[in-house]
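In my numbering, the protein residues as written are -15 to 305.
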């Protein structure tokens, strides 16, 4: 059974006057409906102040197309003091049938921030890489409200943590037993190769253990894990390793920050795409070519292109064997 879904990431909605507009979200949802996409998936950094953005949330969660939308935490989704788990977590998805990693599978008080949903023979697993090690407390925990990025001393950063790793392992083992094909989505990625033009790329700190899980279940039953999707890096990148497709979704409108002076650069049009998985495990990324916004092109854009820093999502086809 083939499946098609729409993907975007790093929308970074700040206010009606910010770079990302409600009209951009309406465009994404309209595109998904027009192209007969089954649902919409986003990889975090949706909103910088969730309680003050109920206008955008209403467009997403109560969209006029009745599309299911699934999202995960990004580091900027906890940026303000109002971005508490009890507010944000229940609004990551509008699907009441999503199965949360709580004892009863319900969203509860929002402290458990990861979930999965089965769609036919496919299992979509929402991973939350917004945990890190807090040295002063000597514990791993989720970024609290008001923390937009874990400080450098929080090492390791961008991790799942032991409890979520156990949950993921159980989900993958269960999928192998049932013959389901898993697609994970998260903010930080697990590719294991350079994701883009950051001087110090920041894949998930759990990359080794997660990749070992992927390979273990695929050895047990081929095609258990077929794809891993992430955002976070604001770059255009996709590749294949260990017979798994790793897709780093470019940001929607806020393109690239020059690491030396933090100057933002914007795209002229919003970026999003469809992903299709066929019956014979061909994975197709439709792609979308955009442009730099007027006056926003980085001075060194030609140098950055080789690292995936470009205003587009490239079209790609991968064959899982």
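By construction, the Cβ of each residue, glycine as well, lies at the ideal position given by its N, Cα and C atoms.
Which residue marks the beginning of the alpha helix (DSSP H) containing residue i, and which one marks its end?
i: residue 30; result: Looking at the DSSP string, residue 30 is not in any alpha helix (DSSP H), and its letter there is neither H nor E.
i: residue 38; result: 38 to 45
i: residue 151; result: 146 to 162
i: residue 26; result: That residue, residue 26, is in no alpha helix (DSSP H); its beta strand (DSSP E) goes 23 to 26.
i: residue 71; result: 69 to 72
i: residue 65; result: Taken as a continuous stretch (DSSP letters only), residue 65 belongs to no alpha helix (DSSP H), as it is neither H nor E.
Assign residue i to one of two classes, buried (16 or more other C-beta atoms within 10 Å of its C-beta) or exposed (fewer than that).
i: residue -15; result: exposed
i: residue 203; result: exposed
i: residue 305; result: exposed
i: residue 116; result: buried
i: residue 214; result: buried
i: residue 184; result: Residue confidence is low: residue 184 scores 47 on pLDDT, short of 50, so the model does not pin down where it sits. No coordinate-derived value is stated.
i: residue 52; result: buried
i: residue 63; result: buried
i: residue 290; result: exposed
i: residue 112; result: buried
i: residue 38; result: exposed
i: residue 294; result: buried
i: residue 372; result: As displayed, the chain neither begins before -15 nor continues past 305, which places residue 372 out of reach and without an answer.
i: residue 89; result: exposed
i: residue 181; result: Summary for residue 181: the model assigns pLDDT 48, below 50, so the residue's position carries little reliability; its value from the coordinates is reported in the next sentence. Classification for residue 181: buried.
Name the residue from the options whose alpha carbon lies nearest to the alpha carbon of residue i.
i: residue 199; options: 214, 156, 188; result: 156
i: residue 72; options: 34, 295, 58; result: 34
i: residue 212; options: -3, 230, 51; result: 230
i: residue 276; options: -12, -10, 120, 3; result: 3
i: residue 148; options: 125, 159, 269, 31; result: 125
i: residue 237; options: 16, 128, 30, 122; result: 30
i: residue 247; options: 284, 254, 119, 228; result: 284
i: residue 208; options: 11, 153, 220, 159; result: 159
i: residue 11; options: -1, -10, -2, 1; result: -10
i: residue 41; options: 9, 88, 70; result: 9
i: residue 298; options: 262, 256, 263; result: 256
i: residue 145; options: 93, 190, 262, 261; result: 190
i: residue 123; options: 173, 131, 141; result: 141
i: residue 120; options: 43, 139, 143; result: 139
i: residue 240; options: 99, 292, 1, 101; result: 292
i: residue 65; options: 114, 129, 98; result: 129
For a quick check, are the C-beta atoms of residue i and residue j less than 8 Å apart?
i: residue -6; j: residue 216; result: yes
i: residue 274; j: residue 296; result: yes
i: residue 222; j: residue 235; result: no
i: residue 281; j: residue 249; result: yes
i: residue 218; j: residue 28; result: no
i: residue 164; j: residue 197; result: no
i: residue 87; j: residue 69; result: no
i: residue -13; j: residue 92; result: no
i: residue 265; j: residue 210; result: yes
i: residue 13; j: residue 169; result: no
i: residue 174; j: residue 195; result: yes
i: residue 224; j: residue 108; result: no
i: residue 326; j: residue 101; result: The displayed coordinates of the chain run from -15 to 305. Any statement about residue 326 would go beyond what the structure contains.
i: residue 253; j: residue 300; result: no
Residue i lies in the beta strand (DSSP E); which residues open and close that run?
i: residue 300; result: 300 to 303
i: residue 167; result: 165 to 170
i: residue 225; result: 221 to 225
i: residue 322; result: With the chain running from -15 to 305 in the structure shown, residue 322 is simply not present.
i: residue 102; result: 99 to 103
i: residue -7; result: From DSSP, residue -7 is part of no beta strand (DSSP E); its letter is neither H nor E.
i: residue 232; result: 228 to 232
i: residue 126; result: 123 to 126
i: residue 209; result: 209 to 214
i: residue 118; result: 115 to 118
i: residue 107; result: 106 to 110
i: residue 266; result: 266 to 269
Checklist entry - Per the contact definition of three or more C-beta pairs closer than 8 Å, is the region 44 to 57 in contact with the region 72 to 80? => result yes
Checklist entry - Is the number of C-beta pairs between the region 10 to 20 and the region 54 to 67 that are closer than 8 Å three or more? => result They do not touch, by the three-pair rule.
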